[in-house]
Amino acid sequence: MVASAMERSMLAMATRSFLLLLCLTTVANPGVLQADADITGGFISIDCGLPGKTSYLDDTTKISYAPDAAFIDTGSNYNIANEYITPMLSRRYHNVRSFPDGARNCYVLGSIVPSSKYLLRATFKYGDYDGLGRPPIFDLHIGVNPWTTVNITDADTAVLVEAIVVVQVDFVQVCLINTGSGTPFISGLDLRPLKTTLYPQVNLMQGLVLLGRMNFGVSDNTSASTSDEQTGHTASLQSSSEGSVDTNNYIIRYPEDQYDRVWTFWSDPTEWRSISTTSRVNNVENDKFEAPSAVMQTAITPSNASRNIQFSWDPEPQPSDPSPGYIAIMYFSELDNLSSNQVRQFYISLNGKPWYSSAFRPEYLLSNAIFDNEPNRYSQYSITISATANSTLPPIINALEVFSVMNTTNVGTDAQDVSALSAIKAKYQVKKNWIGDPCGPKALVWDGLTCSGDVSSYPRITTLNMTSSGLTGDISPSFADLKAIRNLYLSDNSLTGSIPDVLSELSSLAVLDLSGNQLSGSIPPGLLKRIQHGSLSLRYGKNPSLCANISSCQPERSKSKLGVYIAVPLVVVLVIVLVLAFCLLRRKKRGSVSNNAVKPQNELRSNAYGHSSSLKIENRRFTYKELEMITSNFQRVIGQGGFGKVYDGFLEDGTQVAVKLRSHSSNQGDREFLAEARILTRIHHKYLVSMIGYCKDGEYMALVYEYMSEGTLQEHIAGKNLTWRQRLRIAVESAQGLEYLHKGCNPVLIHRDVKATNILLNANMEAKIADFGLSKAFNNDNDTHISTNTLVGTPGYVDPEYQATMQPTTKSDVYSFGVVLLELITGKPVILRDPEPTSIIYWARQRLAQGNIEGIVDPSMRGNHDVNGVWKAAEIALKCTAQTSVQRPTMTDVVAQLQECLELEEARGDAIDGYYTGAPSEPYSGYNAYAADGQCTDASQTSTGFEVEHNFGRVPTMATGPAAR
């Protein structure tokens, strides 16, 4: 946003200053490059091409610059030509790192807090470092997502590019991509942690790419940095003035801006008059942008009070989006203490149409912002700020940010696979194109890899071919961390040592080629067993020292008589033990007969948790004939599942119940029945279905539950009869039920079959988790997972990490719940026919990348929802369905965030005359998972997205136009 078309070249010259003082590096501890939750302590700042290992401090910002050798192992260092080094040129632009080799070269910035928000900035000054006089054009990627195209127009121009993104894992890669238009290079690279509440437009599906960040007006009291160089992207903003633009060579950044955003001063004395104050301008509570006071202390207003303020910009095509959408953030604060008869009020329009739907009046010494929540897409953008009819003063503006939207829906390779390949690369000093993400983009997949992944998961390594790769030493145990690998080719190398048996634990491994090496020892038993079962093809020829027959590889046993001397006493002891055991068994049997005569009910022998003790069930035990009476001979079927049919019934006192009768053809047998019965006698919670009793009468097995009159959640989603508020309540209640299983039970319970058909609704539309036949418990407090022999669950809901490792965790339930949450938001089935089978996760991720939440929201809700709450719920769902469990939140986190969504929705419902009163009249306080009515016996013992914020609260979403804060 800035003035007329003629100003493009003028502004380019006028903004030369702001880039070259980007002294971007670690704050507080020079040379320490570590990101953490602390803002200043989390800065990473790199002087690319700086030789040696010594960091240095910038004189102005006191930010420490570090050499880049610790972040990249490719490229070469160069100095720019002396003729381009001026006294005002920041030291970091004196040198560059150049990448003449390879299609992709990547910096890796570690110590990232997963799922956190970061500002990434890269800077470039060609300076004819290579003596060729040919400035290049190349692309930048953040991980596997295209960021922007870097177009160096001349040797003396410095270019800054910046993005704000959510980083999902504990590192981020910034990659330079050679597009055939010159050798990529870089001068500096910076990372700045941001609060997660800042820039709410940034989420898992989209980031923001900076077009311009302007600080309007000048002040003699401003202590700012100066420079004499040009920035590339800010020059795209134009003002409507025909005069010269004067930046006064000022910028504001750290420490005035704690996040080290770079604000360029801009003032045109031919068109605008500057206003300034020395008083502090405060941010509103829960400010979404936190513009620094130094920026807000200046503003511009038209020199001619009858004139308007006008800005414009043209779209800039991006590598993955030729017509990107744009988001603008305008900052306003009244700097004059107006008298009672003075009014400053104005309208804001975009391309001649209202952008913000009502007149806006800035508040005295308080920072307000009007901003887009969703991107606009036009062929040209022109903003006009004009005074209202009753305004006695002309309009003002203090600052402006304009961003294009960046698609971040592409997901990188599974984190465990990346870690394993990194270890393999380091051990064998691989010299292939093993740089950046292994599986993406497809054109840059690492040599020797085949990747795959279902539509809901991150890519996994399925084939690794390192044949004739010069490998030496033993076989790295890191190969066993490639849990999804099917084919592993390590032939014709110089590998030595034995074959690690841990490779037999790779359940998907079908082909293992170890031929043509120098391996020794024998083939491990685990691999031999896999070969015998026909699940593995092992190639091991041309290993002269490798023994293939395990029985012939054992050393000859000694023929000593020592074994006889040991065996005889052992046999005697064994006979004595057997006699004693027989006596005890007979006594126990007599006691059991006596006990059964007293209390034949309430005991089932079970091993639901792997214990050998009998299962005590305290609920009522029904006979089969009683169930026939209760259900009127099983007359009315109200449901059906893998266990069998569910019938409607009534107890003697008229209580309505649901009777789940095991079918003889059911593939769920005694184990699942006893597991569910045992669990349901020990868990009691408001949002878990309660068991009233059970039946184990000969061949008949049944469970008797409380009656849930409204059926399954899936039926209501398909029926399109739920409001957004109801959906959120159901989500919160279901999440609290799962939270109780994970946090309130000892041992912790994993449900393992969370899905919309296993969430039932009662007459009050309260949600309760049901069906615990597949649930599992941790054995002790130190467990992080449990191992199973069989994969269970429902397709579309199953955690991909559980699929790969056969080790479910509480995060497996979190994944499944994330899928349910997407069903609630979208009204879509888990697997869509689009026309090919497509996961709801992939479907939603693709559409949210467009920046329009309404693209996935269930149309049956008819727009009757708070758009911020839906966005937040969608982000929660995608975090829950992250590929690896470490990236997912806990159910406790999910409950807290969903309650915030519900509060937003209930606040919207309580809006009065278009304004919120500050809090809902009856706020939803949620349910305490550990309250008195939620207990667990210890099983071991037994529209457009615009927003406005003011100091008095939030203004609701407008039908058209942006919002302010």
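Counting with mature numbering (1 follows the signal peptide of the UniProt record, and there is no 0), you get residues -30 to -1, 1 to 935 for the letters of the sequence shown. In this text, a Cβ means the ideal position worked out from N, Cα and C, and glycines have one as well. Since this is a predicted model, take the numbers as computed values, not measurements.
Query	Result
Minimum C-alpha distance to N321 - residue among R314, D284, L308	D284
Alpha-carbon spacing of L498 relative to N435, whole angstroms	22 angstroms
Cutoff 7 angstroms; reference I156; Cβ partners in own chain excluding five residues on either side	C18, V66, R67, A92, F94, L146
Buried versus exposed call for V135 [16 or more other C-beta atoms within 10 Å across all chains shown]	buried
Residue range of the beta strand (DSSP E) that includes S830	First-last for S830: undefined, no H or E at that position.
Segments assigned beta strand (DSSP E), at least 3 residues, entirely inside the segment 478 to 509	481 to 483, 488 to 492, 507 to 509
Cα-Cα separation between Y99 and N403, rounded to whole angstroms	26 angstroms
Under 7 angstroms between C-beta atoms of S189 and T268	yes
Reference I42; option with closest CA among V142, T433, T854, A866	V142
Helix, strand or coil at K615 according to DSSP, with G and I counted as helix	strand
Own chain residues within Cβ distance below 8 angstroms of K690, not counting five before or after	G797, D828, S830
Through-space distance from L683 to A726, alpha-carbon basis	5 angstroms
Selection from L872, T851, A369, G714 that minimises the alpha carbon distance to V702	L872
Option in T860, L719, G707, N732 with minimal Cα separation from K781	T860
Residue from T118, V790, T123 whose Cα sits closest to the Cα of V131	T118
Touch test, the segment 587 to 606 against the segment 657 to 671, Cβ-Cβ under 8 angstroms, three pairs minimum	yes
Under the three-state DSSP convention, the category D471 falls into	helix
Reduced DSSP secondary structure (H/G/I, E/B, other) of D71	coil
DSSP three-state assignment for K412, whether helix, strand or coil	helix
Distance, L458 Cα to E344 Cα	46 angstroms
Nearest residue (CA-CA) to I600, options V864, D618, G611	D618
Host beta strand (DSSP E) of H634 (start-end)	Premise fails: H634 is in no beta strand (DSSP E) and is neither H nor E.
Nonlocal neighbours in the same chain, by C-beta distance under 7 angstroms from K395, ignoring five residues either side	W404
C-beta contact flag for P332 and F302 at 7 angstroms	yes
Touching by the beta-carbon criterion (3+ pairs, under 8 angstroms), the segment 234 to 251 and the segment 161 to 170	no
Opposing strand residues paired with P807 [DSSP bridges]	R803
8 angstroms CB neighbourhood of I700 in its chain, flanking five on each side removed	L683, L692, I729, L731, M735, A737, L794
Alpha-carbon spacing of L102 relative to N47, whole angstroms	16 angstroms
For G533, three-class secondary structure by DSSP	In this prediction, G533 has a pLDDT of 49, which is less than 50 and means its spatial position is unreliable; what the coordinates show is noted afterwards. G533 falls in the helix class under three-state DSSP.
Residue environment, P365, which counts as buried when at least 16 other CB atoms sit within 10 Å	buried
Endpoints, the alpha helix (DSSP H) within which L265 is located	The question names Leu, but residue 265 in the sequence shown is Val. Element bounds for V265: 263 to 266.
Short CB-CB distance (under 7 angstroms) between A133 and chain B	Looking for chain B here will not work: only one protein chain is present.
Cβ neighbours of G22 in the same chain (closer than 7 angstroms, five flanking residues each side left out)	P37
Pairwise C-alpha distance: T271 and T240	12 angstroms
Of the listed residues E598, F13, Q610, nearest to L621 (C-alpha basis)	E598
Collapsed DSSP secondary structure at H654 in the structure displayed	strand
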